[in-house]
Amino acid sequence: MDVLDLARTQFAVTSSLHFLFVVLTLGLAPLVAIMHTRWTRSGDPVHERMTRFWGQIYVINYALGIVTGLVMEFQFGLSWSGLSHYAGDVFGAPLAMETLVAFFLESTFLGLWIFGWGRLPRRLHLACIWLVTLTAYGSAFFIMVANSFLQNPAGAVLRDGRLELADAGALFTNKALIFALPHVLGAGLFTAGMVLVGASAYRLRRRAPEVEFFTRSLRMGVVTAAIGIFLTMGFGYAQFAVVDTDKYSTNVGSAISLAIMMEFGQLLGLITLFVMLPMIRSLHRRRWTHPILIAMTPLPFVLAIAGWASREVGRQPWMINDRLTVADAMSPGLTSGMVTASLIGFVAVLGLLAVVDYVLIARIVRRGPGGLDLGATAGEPRPAALSY
Amino acid sequence: MELLWFVFFAVLLTGYFALEGFDLGVGLLLPLLGRTREDRDRMVAAVAPYVLANEVWLVAVAGTLFGVYPLLEGEVLFTLYPLVVAMLLCWVLRDAGLWFRRRLDGRAWRGFWDGTIAFGSLGLSAGWGMTLYAAATGFTASPVHPVGLMLGLVVTLLFAFHGWTFLGWRTPGTFGATRSGRMLVLSGLVAALPAAGVLAGALPYLLEHSAPPASLNVLSVMVLPFAPIMLGAQIWVWRTFRPGKDAFRVPSFF
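Protein chains in written order, with UniProt numbering: chain A, 1 to 388; chain B, 1 to 254.
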């Protein structure tokens, strides 16, 4: 592989890893916020346990979202300095807003939510998780603005060989953005819904004692997945109004990724809307469905990555469509040795951490809602199972 | 407008040194002061509620660099390529250590992640000294110059001192010292001093290399109204987790 392929591989791997965790974060945040709201309103212990159980899965997943995001943010300068050189005056604005307005606040409020348990007044504690949700969606908006600019460089003019921002309104109402953003947010909800469904089906199949807890979670998951896939499919098809479909005739990688996403997305959509949703009242009792529901859990993640692959590979060879090629965006002077060394470092460290993270999430599901760290109080016994 | 954004940028970078400085400092001291597992748990628990609110200052620095100094962003990061990669990996390992250390109870598990916290904190602290040296020379000198290495050592020691002061403030007497809030502010200012010095030297260069007015205007309209909210959220963190009887009432998540 030459240096360009290596640099592309590095970005593809880190951004795919990042999105695997982000897609769940985006969908799970509002669900945990709803559970927390129910708990605050009713004081019902089952809602408290749901908030803590799904909240712990949410924050463990969030950890990898942060660290993969850090590596991504700095890669723009490391490998793709040509992008900031040519279009930084335009592309930099939404990226700066994402970090300053959205992520800065998201991380601050998340810290307050995690460590404010039992310390903040109840309603303020609840407000924290809603603020985390709001700022997470803000992040998604700004990142999609930046990405949509690469797809369709609206609102910019070329002056002295560099792009300058001419129309901020056009940047934020980009036609590549308006259907893609709800498509991505829908995919997040669908993914989180299916994680609730799959994990609950696993616990119910194991005849775990918390039947009410996981029946409620299962139903919440089905409703969320149905809303999510409905949005995702609707805004997915709507994108054909604005996407240049000619690219699929020449770009095989993009076409195949698109085909995989649509084919399996439709299948999952049919199952969710016409099987799972009508059966929502009895799904927890129908044990034969549980292995199928468990097996479906990883699929939304695969489809989300396929969707991004289609969008990003579809832009080749352009970094900014019709303006700047990927080759020209690469940092001048970047060598194969530099990228290979950092690629090995990032992939090894982030890959291992991702595996550890998923193992930890699987352990939480396997162990159920007893002995959680999130929101634990001093008197609460940690189960002996923790020490093996 | 350029000056306003320089001030914003300078506040973020020096704020990062003053705030994340004590997180890294406590990480550095973890193997030195944390002889028993309980001690290490208390040290990490002392910084835990602040870490998420502190480390984002650097994310914000990078975002501002991209938005306000786009030409510089690529140049700085690319010139220091190996150092930036090493510092990123250290940051990732430090964070992973914090998030993972209490998820399982085994000795080896805890020891390993406590090790990554200390190692990551050391790499980041020393890396910052070297980065500041390279920045002070206008990115012409290699950061692995003897002076760069010495500055790395200085920043590491400053952070360790700042971390020790923080522990004396949040967990009075537990780790040998009792410090007032005023002392903590003072050690924070000292920790931020190297960054402030380099920023002062870079002032004319940064003003000249700011993004054009159209971009800065959009950024100002979109970002500056949120500055009070950002500040308010940070103050909220400090008010919520001030030291007191209940500092250890809740077992810490980290």
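C-beta atoms are modelled at their ideal positions from N, C-alpha and C, and glycine is treated no differently. Please read these numbers as outputs of a predicted model, since none were measured by experiment.
Could you give the distance in angstroms between the alpha-carbon of residue i and the alpha-carbon of residue j?
i         : j         : result
Pro383(A) : Pro369(A) : Confidence in Pro383(A) is poor, its pLDDT being 47 and thus under 50, which makes the residue's placement unreliable; the coordinate value appears in the next sentence. Cα to Cα, Pro383(A) sits roughly 11 Å from Pro369(A).
Leu177(A) : Pro45(A)  : 41 Å
Ser16(A)  : Leu196(A) : 22 Å
Phe149(A) : Leu258(A) : 21 Å
Val7(B)   : Met230(B) : 16 Å
Thr133(A) : Trp288(A) : 35 Å
Phe100(B) : Pro121(A) : 28 Å
Gly118(A) : Gly375(A) : 7 Å
Phe226(B) : Gly148(B) : 37 Å
Leu95(A)  : Pro300(A) : 27 Å
Met1(A)   : Thr340(A) : 10 Å
Thr68(A)  : Glu55(B)  : 14 Å
Gly74(B)  : Glu73(A)  : 12 Å
Leu71(B)  : His209(B) : 7 Å
Ala168(A) : Ser84(A)  : 18 Å
Val76(B)  : Gly120(B) : 22 Å
Leu112(A) : Phe253(B) : 12 Å
Thr173(A) : Pro182(A) : 13 Å
Ser42(A)  : His36(A)  : 10 Å
Ala385(A) : Ile364(A) : At Ala385(A) the pLDDT is 41, less than 50, meaning the model places this residue with poor confidence; the figure from the coordinates comes in the next sentence. Using only the alpha carbons, I get a separation of about 12 Å.
Glu312(A) : Val326(A) : 11 Å
Gly173(B) : Ala96(B)  : 29 Å
Gly27(B)  : Phe159(B) : 10 Å
His290(A) : Pro298(A) : 14 Å
Ala93(A)  : Leu78(A)  : 19 Å
Met338(A) : Leu4(A)   : 12 Å
Val221(B) : Ala10(B)  : 19 Å
Name the residue from the options whose alpha carbon lies nearest to the alpha carbon of residue i.
i              : options                                    : result
Ser282(A)      : Thr335(A), Arg122(A), Val222(A)            : Val222(A)
residue 269(B) : Ser142(B), Leu4(B), Leu157(B), Leu132(B)   : Lying before the first or after the last residue shown, residue 269(B) is absent from chain B, which here runs from 1 to 254.
Arg162(A)      : His125(A), Tyr86(A), Ile229(A)             : Tyr86(A)
Ala126(B)      : Gly168(B), Val56(B), Trp164(B), Ala86(B)   : Ala86(B)
Leu104(B)      : Gly371(A), Leu110(A), Leu277(A), Thr377(A) : Gly371(A)
Leu31(A)       : Val184(A), Gly55(A), Val145(A)             : Gly55(A)
Gly138(A)      : Asn174(A), Ile229(A), Asp328(A), Leu100(A) : Leu100(A)
Ala304(A)      : Thr9(A), Leu24(A), Val3(A)                 : Leu24(A)
residue 269(B) : Val90(A), Arg8(A), Val22(A)                : This structure cannot speak to residue 269(B), because chain B is shown only from 1 to 254.
Leu93(B)       : Gly123(B), Glu75(B), Val68(B)              : Gly123(B)
His284(A)      : Arg206(A), Phe19(A), Gly92(A)              : Arg206(A)
Ser239(B)      : Gly181(B), Leu167(B), Leu65(B), Leu157(B)  : Per the sequence shown, residue 239(B) should be read as Arg rather than Ser. Out of Gly181(B), Leu167(B), Leu65(B), Leu157(B), Gly181(B) has the C-alpha closest to the C-alpha of Arg239(B).
Pro228(B)      : Ser254(A), Val252(A), Phe104(A), Glu312(A) : Phe104(A)
Phe21(A)       : Met330(A), Gly351(A), Arg366(A)            : Gly351(A)
Ala198(B)      : Leu28(B), Val68(B), Ala136(B), Leu4(B)     : The residue you asked about is not Ala; residue 198(B) is Val in the sequence shown. For Val198(B), the nearest C-alpha among the options comes from Ala136(B).
Val145(A)      : Ala127(A), Lys175(A), Lys247(A)            : Lys175(A)
Pro278(A)      : Gln239(A), Glu312(A), Arg219(A), Leu334(A) : Arg219(A)
Ser249(A)      : Ser310(A), Thr40(A), Tyr58(A), Asp373(A)   : Ser310(A)
Cys128(A)      : Trp236(B), Thr14(B), Pro251(B)             : Trp236(B)
Gly129(B)      : Leu219(B), Leu153(B), Leu3(B)              : Leu153(B)
Ile280(A)      : Phe11(A), Ala170(A), Tyr62(A), Thr224(A)   : Thr224(A)
Glu263(A)      : His290(A), Lys247(A), Val302(A), Thr297(A) : Val302(A)
Arg203(A)      : Ser107(A), Ile294(A), Arg159(A)            : Ile294(A)
Leu13(B)       : Gly27(B), Thr64(B), Val44(B)               : Thr64(B)
Along the chain, where does the beta strand (DSSP E) that runs through residue i open and close?
i         : result
Ile235(B) : It is not in any beta strand (DSSP E) - Ile235(B) instead sits in the alpha helix (DSSP H) that spans 227–240.
Trp318(A) : 318–320
Taking Cβ-Cβ distances shorter than 7 Å, what residues in chain E pair up with residue i?
i         : result
Arg122(A) : Note that chain E does not occur in the displayed structure, where the protein chains are A and B.
If you follow the alpha helix (DSSP H) that residue i is in, where does it begin and where does it stop?
i         : result
His47(A)  : 45–79
Ala211(B) : Counting along the chain, Ala211(B) falls outside any alpha helix (DSSP H), and DSSP gives it neither H nor E.
Ser121(B) : 107–136
Thr14(B)  : 2–33
Pro146(B) : 146–170
Gln10(A)  : 3–42
Trp113(A) : 104–115
Glu212(A) : 211–238
Legend entry - In chain order, each alpha helix (DSSP H) run of at least 4 residues that lies wholly inside the segment 130–189 of chain A: 168–172, 175–178
Inset, instruction - Answer yes if the segment 70–84 of chain B comes into contact with the segment 103–118 of chain B, meaning at least three C-beta pairs across the two stretches below 8 Å, and no otherwise. - result: no
Inset, instruction - Examine the Cβ distances between the segment 187–195 of chain A and the segment 207–217 of chain A and report whether three or more of them are shorter than 8 Å. - result: no
Legend entry - 4 or more residues per run - each alpha helix (DSSP H) lying fully within the segment 61–99 of chain B: 70–79
Legend entry - 3-residue-minimum beta strand (DSSP E) runs that sit fully inside the segment 285–350 of chain A, ordered along the chain: 318–320
Legend entry - Inter-stretch contact at 8 Å, needing at least 3 Cβ pairs: the segment 305–325 of chain A / the segment 54–69 of chain B: no
Legend entry - Three or more C-beta pairs below 8 Å linking the segment 342–349 of chain A and the segment 267–275 of chain A: no
Inset, instruction - Evaluate the contact criterion for the segment 186–200 of chain B versus the segment 42–51 of chain B: three or more CB pairs, one atom per stretch, below 8 Å. - result: no
Legend entry - Secondary structure, alpha helix (DSSP H): runs of 4+ residues fully inside the segment 241–290 of chain A: 247–250, 252–271
Legend entry - At least 3 beta-carbon pairs within less than 8 Å: the segment 234–243 of chain A vs the segment 181–190 of chain A: yes
Legend entry - Segment contact, 8 Å Cβ cut-off, at least three pairs: the segment 38–45 of chain B with the segment 135–146 of chain B: no
Legend entry - Stretch pair the segment 8–19 of chain B + the segment 240–247 of chain A: three plus CB contacts closer than 8 Å: no
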